[in-house]
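Residue numbers (UniProt numbering): 1 to 197.
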């Protein structure tokens, strides 16, 4: 065992790239496997060699994008020493990624949440890794005294993720710009400093 992962076959790469391009222009349900194959310059049958069905292709594209995103998050977190600082960076980095990578945010926020199959996919497992990262930082913050001891870590995680997603949902749907730094700072201020005068 060398520990090295085998590179993706060229056909699989072309199919995922073709699907990604189509997802930039259309919604998932209006895309056909024939269109994916034509744009990838492969036979339609090759899609089923690498993917169970169109939904499996969707999840695998999401998984690839989310893995890359989570790696960026881990690198960014090395810039902070405190738990609050790490959470600040996660909020900022998440908003940046969702607005810069509209394909990722479109799939994650609009296409997969209503599918039971998503919650059994590798893509969902990758999303839970991100969520566990946030939970771990919250618990570290509670243990160090940065975050109040009575804080429910699971509830705080929901508040953080929910705030991130809802802050950019309209912009993702309608393709609008967002002042990312201002929005991230506002979310962090409300969550970590509160709204009382």
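For glycine and all other residues, C-beta sits at the position ideal for the given N, C-alpha and C. A quick note: this is a predicted structure, and the numbers were derived from the prediction, not measured.
Count the other CB atoms within 10 Å of the CB of residue 154; is the residue buried (16 or more) or exposed (fewer)? The residue labelled residue 154 in the question sits at position 154 within the chain shown. Exposed, since its Cβ has fewer than 16 Cβ neighbours within 10 Å.
Residue 197 (DSSP reduced to helix, strand or coil): Mapped onto the chain shown, residue 197 falls at position 197. Residue state, collapsed to three classes: coil.
Nearest neighbour of residue 73, chosen from 58, 82, 119 and 130 [CA to CA]: Here residue 73 refers to the residue found at position 73 when the chain shown is read from its first residue. Selected option, being the one with the closest Cα: 130.
Exposed unless 16 or more other CB atoms sit within 10 angstroms - verdict on residue 86: Counted from its first residue, the chain shown places residue 86 at position 86. That one is buried.
Endpoints, the alpha helix (DSSP H) within which residue 21 is located: The sequence position of residue 21 within the chain shown is 21, counting from 1. For residue 21, the uninterrupted alpha helix (DSSP H) run begins and ends at 10-25, by DSSP.
Count the CB pairs spanning the stretch 53-67 and the stretch 142-154 that are closer than 8 Å, and state whether there are at least three. No contact exists between the stretch 53-67 and the stretch 142-154.
Mind the definition here: the stretch 165-177 touches the stretch 83-102 only if three or more C-beta pairs lie below 8 Å; say whether that holds. Touching, yes, given that three or more Cβ pairs across the two stretches are closer than 8 Å.
Residue 122 by DSSP, collapsed to three states: which one? Position 122 of the chain shown, counting from 1, holds the residue named residue 122. Note: residue 122 maps to helix in three-state DSSP.
Tell me which residues share the same chain as residue 119 and place their Cβ nearer than 8 Å to its Cβ, disregarding the 5 neighbours each side in the sequence. Walking along the chain shown from the start, residue 119 turns up at place 119. If we look at residue 119 and ignore the five residues flanking it on each side, it has no Cβ neighbours.
When you compare the CB positions of residue 109 and residue 167, do they come within less than 8 Å of one another, or not? Looking up residue 109 in the chain shown gives position 109. Looking up residue 167 in the chain shown gives position 167. At the C-beta level, residue 109 and residue 167 stay beyond 8 Å of one another.
How should residue 157 be labelled, buried or exposed, when 16 other C-beta atoms within 10 angstroms of its C-beta is the threshold for buried? In the chain shown, the residue the question calls residue 157 occupies position 157. Buried: at least 16 other Cβ atoms inside 10 Å.
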